[in-house]
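Some notes on the structure that comes next.
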Amino acid sequence: MNTEPPEGDDLQRMLVSMKQNVLERATPRPKRHGRRAGIAIGVVGVLLLGVAGGGVALGLIPTSITAEPVPTATPTTEPVPTETPSGAPVVGRPTPTATPSPESTRPPYSATDPSTWTISGSEVGPIALGGPIAGELDDLDGAYSRVVENACPSPTITDWQRDGSAPLTVVEKDGTVWGVAIGASTSTEASGPTTAEGFGAGSRLDDLRAAYPDLTFVQSQIFPDPNESFSMWTIERNGYHITFQTAEDAQTIGTVWVSSFATVPYEFCG
């Protein structure tokens with residue numbers, strides 16, 4: 005059904021038709037002619053006003069208008085990082101492999117085997133430089149035998165020996181270990197304690213020069229020439245000197261001296 009009010013020609017035709025219908029139905033009675041004519045005119049006027057008012061009313065009453073939807077911003081959802089459990093494998097990353105450490109040719113430390121002892125500067129195996137003499141000498145038991153026959157009469161000097169190993173001498177000062185000597189200038193064949201790099205009595209001077217850029221010649225009044233026998237060469241480690249003294253051939257190390265004093269004593273029991 006069309007609910008829109010007539011407009012234009014349609015409205016005019018409707019009004020004319022309504023007017024004719026009203027006039028045709030009116031009975032021509034002389035006495036009431038004027039009254040019916042007035043009524044007809046009033047009805048037509050009311051209809052006209054009603055139609056016009058309906059148009060105005062329709063114009064005033066807001067109709068339902070379909071508006072375009074207002075665009076709304078779509079919230080951006082940030083991805084939530086997924087936490088990987090500590091025990092779960094990490095995908096996409098190579099599995100780390102442990103790098104094997106190079107195998108050391110040095111035998112494991114043994115308190116009864118001096119060839120496994122390390123000369124670190126502050127220590128010679130279990131002997132600590134600056135430690136109480138009594139306690140440090142006890143550490144030599146089981147590895148060396150103390151020399152009794154023809155021993156040095158000085159109470160500050162103790163000599164130690166072991167079959168197949170370089171002899172060892174401990175020098176005391178003020179009740180503490182002041183120096184340790186390994187080897188003898190006349191013998192270079194026996195084994196004994198060495199540095200972390202493996203150098204000790206029996207090593208070659210050229211090898212020491214290659215291994216220790218800081219190797220320094222120790223000049224003394226008795227042995228002033230670096231190219232002669234019994235020359236002394238030192239490095240500093242952990243606050244102490246490690247001095248290498250050559251044997252008679254001037255190339256092979258005969259004695260290793262560890263002390264705060266770089267020069268090897270000319271005589272330990274003089």
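Residue numbers for the sequence shown follow the numbering used here, beginning at 5 and rising by one.
Don't be surprised by glycine CBs; every beta carbon is placed ideally from N, CA and C.
Closer than 8 Å to chain B by CB, Glu176: The structure shown contains no chain B, having only a single protein chain.
Pairwise C-alpha distance: Gly183 and Val262: 6 Å
Terminal residues of the continuous beta strand (DSSP E) containing Gly139? Taken as a continuous stretch (DSSP letters only), Gly139 belongs to no beta strand (DSSP E), being part of the alpha helix (DSSP H) at 137–142.
So the candidates are Tyr113, Pro230, Ile123, Ser264; which of them puts its Cα closest to the Cα of Arg172? For the record, residue 172 in the displayed sequence is Leu; it is not Arg. For the residues Tyr113, Pro230, Ile123, Ser264, the minimum Cα distance to Leu172 belongs to Ile123.
To the nearest angstrom, how far is it from the Cα of Phe272 to the Cα of Ala185? 10 Å
Proximity below 8 Å, CB of Ile137 to CB of Gly179: yes
Do you know how far the Cα of Tyr216 is from the Cα of Ala188? 22 Å
In angstroms with no decimal places, state the Cα-to-Cα distance between Gly243 and Gly125. 7 Å
Excluding the 5 residues preceding and the 5 following Tyr113 in the sequence, name in chain order all residues of the same chain whose CB lies nearer than 6 Å to its CB. Thr120
With DSSP collapsed to three states, give me the class of Ser90. Low per-residue confidence applies at Ser90: pLDDT is 44, beneath 50, and the placement is therefore not dependable, though the value from the model is reported in the following sentence. Ser90: coil per DSSP, three-state reduction.
Closer than 8 Å is the cut-off here; do at least three beta carbon pairs connect the segment 236–255 with the segment 203–210? yes
Taking Cβ to Cβ, would you say Ile131 is nearer than 8 Å to Val181? yes
Would you identify the three-state DSSP class for Arg36, choosing helix, strand or coil? Note that Arg36 scores 48 on pLDDT, short of 50, meaning its location in the model is unreliable and no value can be drawn from it.
Please identify the residue among Asp218, Gln225, Gly139, Trp237 whose C-alpha is closest to the C-alpha of Gly204. Trp237
Buried or exposed (CB count within 10 angstroms, at least 16 for buried), Gly146: exposed
On a CA-only basis, which of Tyr270, Val260, Ile161, Ser264 is nearest Ala170? Give me that one, please. Val260
Proximity of Ala266 and His245 at Cβ, strictly below 8 Å: yes
Going by the DSSP bridge assignment, what does Ser149 pair with across the sheet? Gln165
Using only the alpha-carbon positions, how far apart do Glu201 and Leu212 sit? 10 Å
Work out the CA separation of Asp117 and Thr162 for me, nearest whole Å. 19 Å
For Phe221 and Ser3, believed in contact at Cβ under 8 Å, the rounded distance: What the structure shows of the chain is the stretch from 5 to 274, and residue 3 is not part of that stretch, so it cannot be assessed.
Chain-order list of residues whose beta-carbon lies under 6 Å from that of Glu240 (same chain, five-residue window excluded): none
Go ahead and label Gln225 buried or exposed: buried means 16 or more other beta carbons lie within 10 angstroms of its beta carbon, across all protein chains shown. exposed
To which residues of the same chain is Pro111 closer than 8 Å at the C-beta, ignoring the five residues directly before and after it? Asp117, Ser119, Thr120
Rounded to whole angstroms, what's the CA-CA distance from Pro159 to Glu153? Just pull it up for me. 14 Å
Counting along the chain, where does the beta strand (DSSP E) carrying Leu172 start and finish? 172–177
How long is the line joining the alpha carbons of Trp164 and Gly196, rounded to whole angstroms? 12 Å
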